[in-house]
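Visitor:
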Amino acid sequence: MPLTLTEIVHDSLCHGSRWIIADENDLASKVASLALGQARHISIILAGIDKKPPSTRPDTAKEAIKLLTVPAGKDPYHRDGWIFQAISWIAAHRANKGNIVRAPHAILAHKGFDGMQLQLDQTNENVIAVVIFEDKATINPRSTITSDVWKGIRSLECGERMPELIQETGALLEAHQIKFPEMDIDAAVEKIIWEEARHYRVAVTIDTKDDDDSSRKALFKGFDEVAPGKHERRQGETMCIKDLRNWMEQFSSKAIKYIEAWIDNV
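Position in the sequence shown (from 1) plus 5 gives the number in my numbering.
Right under this line is the structure:
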């Protein structure tokens, strides 16, 4: 598997995991597949089922490579943000097998939610919670959390963006209706209106100085104030990467090489 997840609990503040890259080549290969729009295939692979990969048309490969490339003269933030969202999606599948995780958007700087996951009960008939992702590839994790992430969570706690959340939840459930035929979609959508059913998963890149337990806890200080209630509502995820921007550049190049090798002669 490309990622190892180490669980950690910061008292009543939040719970979460450290993401450790176990196999960078495997991770780059899976991110390349996600760039090609092959989320369904990768979810099957992550579930432990061996399956032949889909074909890769030249035109599809061209668009995927564009997604992983920073245009000349532009900053890499959007490219790096998309890559981190793709890695976050992989981590969500590793941590919560059987739950419904929305595939990454295939466009940069999408204005919707960074990610979304529906937690199901043991019968797979009821939605327990909707988990809203805040994924940030940043060299300033604490300031990003306090100035950007908390703002977004506060707005959701106040009931803002609820029409968007309801629509995305309904669409996600409908897309998986064959897998969960007994699910009452209308009842599931109604569930997320209640505050306690909305959970938040904040994932950030960090440097080694923020990777010990006390520094990591300090990153998420205030989480229990912006999203009060049971600590299950608050999930804090980190991935430690030295020299983030350079790492993203070499990682995207590695993913592009996979795509180029997969192109079919059509």
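Positions of the beta carbon are idealized from the N, C-alpha and C atoms, including for glycine. Here the structure is a predicted model, which is why all the values come from computation and not from measurement.
(1) Figure out for me which residue from H15, S22, M6 has the closest Cα to the Cα of M244.
(2) Ignore the nearest five residues each way along the sequence and tell me which others in I5's own chain have a CB closer than 8 Å to its CB.
(3) Under 7 Å, Cβ to Cβ, is there at least one residue of chain B near K184?
(4) If you scan the region 138–197 from start to end, which runs of the alpha helix (DSSP H) of 4 or more residues do you find wholly inside it?
(5) Count the other C-beta atoms from every protein chain shown that fall within 10 angstroms of the C-beta of V14, then say buried if there are 16 or more, exposed otherwise.
(6) Within the continuous alpha helix (DSSP H) that includes R123, where are the two ends?
(7) Between the C-alpha atoms of G42 and A111, what's the straight-line distance to the nearest angstrom?
(8) Starting from A208 and walking both ways along the beta strand (DSSP E), at which residues does that stretch end?
(9) Thinking C-alpha only, which one of R239, Y263, M253 is nearest H20?
(10) Evaluate T11 with the Cβ neighbour count: other Cβ atoms within 10 Å of its Cβ, from every protein chain shown; 16 or more gives buried, anything less gives exposed.
(11) Note the first and the last residue of the continuous beta strand (DSSP E) segment covering L10.
(12) I need the DSSP call for Q43, collapsed to helix, strand or coil.
(13) Go through the region 17–80 residue by residue and report every complete run of the alpha helix (DSSP H) that reaches 4 residues or more, in order.
(14) Does DSSP classify R107 as helix, strand or coil?
(15) Taking the C-alpha atoms as reference points, what is the distance between S152 and G117?
(16) With three or more C-beta pairs closer than 8 Å as the rule, is the region 92–107 touching the region 125–144?
(17) I want to know whether the region 219–232 touches the region 249–269 - three or more CB-CB distances under 8 Å.
Guide: Reading from the atomic positions:
(1) Looking at the Cα atoms, S22 is the closest of the given residues.
(2) Any property of residue 5 remains undetermined from this structure, which presents the chain solely from 6 to 271.
(3) Among the protein chains of the structure shown there is no chain B, as only one such chain exists.
(4) Runs of the alpha helix (DSSP H) inside the region 138–197: 146–149, 155–162, 167–180, 190–196.
(5) V14 is exposed by the Cβ-count criterion.
(6) Note that residue 123 is Leu in the sequence shown, not Arg. Counting along the chain, L123 falls outside any alpha helix (DSSP H), though it belongs to the beta strand (DSSP E) covering 120–125.
(7) When only Cα atoms are considered, G42 and A111 end up about 7 Å apart.
(8) Under the DSSP assignment, A208 falls in the beta strand (DSSP E) whose first and last residues are 203–211.
(9) The candidate whose alpha carbon is nearest that of H20 is R239.
(10) Using a 10 angstroms sphere on the CB of T11, the tally of other CB atoms stays under 16, which defines it as exposed.
(11) It spans 8–15 - the beta strand (DSSP E) in which L10 sits, taken as one unbroken run.
(12) In this structure, Q43 counts as coil in the three-state DSSP scheme.
(13) Residue ranges of uninterrupted alpha helix (DSSP H) with 4 or more members, entirely inside the region 17–80 and ordered along the chain, are 29–40, 44–51, 63–72.
(14) Here R107 sits in coil by DSSP.
(15) Roughly 18 Å between the two C-alpha positions.
(16) Output reads yes: the region 92–107 touches the region 125–144.
(17) Contact between the region 219–232 and the region 249–269 is absent: fewer than three C-beta pairs spanning the two stretches fall below 8 Å.
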